[in-house]
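Residue numbers (my numbering): 92 to 210.
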């Protein structure tokens, strides 16, 4: 039960990040990703953020789809892999972008992985 709650939170967070990356104001994007507001106003950066946003949103949707359309060991295995992918992306983001990504995205995914293995 707790594993599914955590997985749901991780998927909703990914979708929420998508909205910030694709539709957020310049100030929201700058604050969320520790960037200068003048930087996120550059049209090419807007395009890059939107591109990253669609990946986050689709990944969140994939996790929800896994919860809805798979069951049993296949569902657990897929969710473990999806949470691992999110955790690894957060590690990379923490190393290359901003350290807080490991706490905001990585920690919930890591907790979900542990809970799924204990299931």
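Backbone N, C-alpha and C define an ideal beta-carbon position, used for all residues, glycine too.
Item, Value
"Sub-7 Å separation of residue 101 and residue 200 beta-carbons", "yes"
"Under 7 Å between C-beta atoms of residue 203 and residue 193", "no"
"Within 7 Å, strictly: CB atoms of residue 174 and residue 147", "no"
"Limits of the alpha helix (DSSP H) - the one that residue 196 falls within", "That residue, residue 196, is in no alpha helix (DSSP H); it is neither H nor E in DSSP."
"Local conformation of residue 122 per DSSP, three classes", "helix"
"Cα-Cα separation, residue 126 to residue 162", "41 Å"
"Three-state secondary structure (DSSP) of residue 129", "helix"
"Inter-residue Cα distance where the pair is residue 135 and residue 207", "39 Å"
"Check whether residue 94 and residue 210 have beta carbons under 7 Å apart", "yes"
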